[in-house]
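A.B. asks: Numbering (the UniProt record's numbering), first residue to last: 1 to 278.
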């Protein structure tokens with residue numbers, strides 16, 4: 001999945017919620033002058049999301065549920081398909097097949113933001129473990145003569161490290177012909193279309209809705225909701241979604257279509273402004 005910025009709108013505990021530092025100067029016009037920094041670590045908002053993915057049995061259960069459903073749908077497709085083309089499944093990699101929560105844990109531990117350099121360091125360790133259920137399902141699909149294509153927005157330069165990681169964890173079709181990483185654009189349509197030219201794709205797996213259709217790319221929150229409602233029948237059928245509380249393209253809408261151009265104080269302000277309460 002395309003990583004934007006690893007921030008999640010989750011309140012951790014009242015005692016460690018991000019607070020904005022006030023100036024020592026007097027209140028002006030009823031509001032305090034605000035320093036452009038947070039009074040807690042900038043990655044504190046990510047803590048509960050990472051711990052949930054790493055420790056909660058509910059996370060594991062949701063992953064098993066998604067892969068169990070995928071297996072049911074696969075068996076159904078195998079009974080019903082009449083295509084002369086070979087069958088294929090297209091899957092994302094990060095938070096769908098491989099669990100990258102240790103990378104997010106490192107961001108919290110060192111209180112640094114996501115960077116291409118630190119992400120590259122993590123990828124080249126080739127140590128991401130499989131998402132629960134991934135190895136069993138994808139090998140089951142392979143045993144039914146279904147090809148697996150991994151379409152990910154990892155950088156093309158990370159292809160060999162990614163293949164090595166997939167192979168190490170026992171995942172099928174871990175080779176250059178089936179691992180299709182980002183080159184000129186993060187839009188996955190061209191790579192999906194290249195697979196569709198030679199295969200009948202029966203299922204898509206992903207943690208980000210852009211893993212299924214580029215119609216979601218660069219959309220506001222209301223637009224994403226509307227699109228999802230219109231595609232309701234596809235979810236649980238040919239689109240299988242996996243949980244990812246740590247990051248995602250949904251943050252584009254959260255941060256008013258400007259996730260890269262605003263500072264931590266503004267991000268904190270937007271998270272709080274968009275939080276529903278009573």
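Ideal Cβ positions, reconstructed from N, Cα and C, are used throughout, including at glycine.
Can you tell me where the beta strand (DSSP E) with residue 283 in it begins and where it stops?
C.D. replies: Because the chain here runs from 1 to 278, residue 283 falls outside it and cannot be looked at.
A.B. asks: Looking at C-alpha atoms only, which residue of 232, 238, 233, 221 is the closest neighbour of residue 274?
C.D. replies: 221
A.B. asks: Nearest CA to the CA of residue 155: which residue from 51, 184, 171?
C.D. replies: 184
A.B. asks: For residue 167 and residue 276, what's the separation of their Cα atoms in angstroms?
C.D. replies: 43 Å
A.B. asks: Using the three-state DSSP reduction, which class does residue 169 fall into: helix, strand or coil?
C.D. replies: coil
A.B. asks: Count the other C-beta atoms from every protein chain shown that fall within 10 angstroms of the C-beta of residue 223, then say buried if there are 16 or more, exposed otherwise.
C.D. replies: exposed
A.B. asks: I need the straight-line Cα distance from residue 211 to residue 265, nearest angstrom please.
C.D. replies: 30 Å
A.B. asks: For the candidate residues 229, 158, 256, 202, whose alpha-carbon lies nearest to that of residue 120?
C.D. replies: 158
A.B. asks: Of the residues 151, 245, 92, 256, which one's Cα is nearest the Cα of residue 304?
C.D. replies: The requested residue 304 does not occur in the structure, where the chain is confined to residues 1 to 278.
A.B. asks: Identify, in the order they occur along the chain, each residue of the same chain with its Cβ nearer than 8 Å to the Cβ of residue 270, setting aside the five sequence neighbours on each side.
C.D. replies: 254, 255, 256, 262
A.B. asks: Identify whether residue 109 lies in helix, strand or coil by the three-state DSSP scheme.
C.D. replies: Helix at residue 109.
A.B. asks: If you count every other CB in all the chains shown that lies within 10 Å of the CB of residue 235, and 16 or more means buried, which is it?
C.D. replies: Here residue 235 is exposed. Its C-beta has fewer than 16 other C-beta atoms within 10 Å.
A.B. asks: How far does the beta strand (DSSP E) with residue 182 in it reach, from first residue to last?
C.D. replies: 179 to 182
A.B. asks: Which of helix, strand or coil does DSSP assign to residue 227?
C.D. replies: If DSSP states are grouped into helix, strand and coil, residue 227 belongs with the helices.
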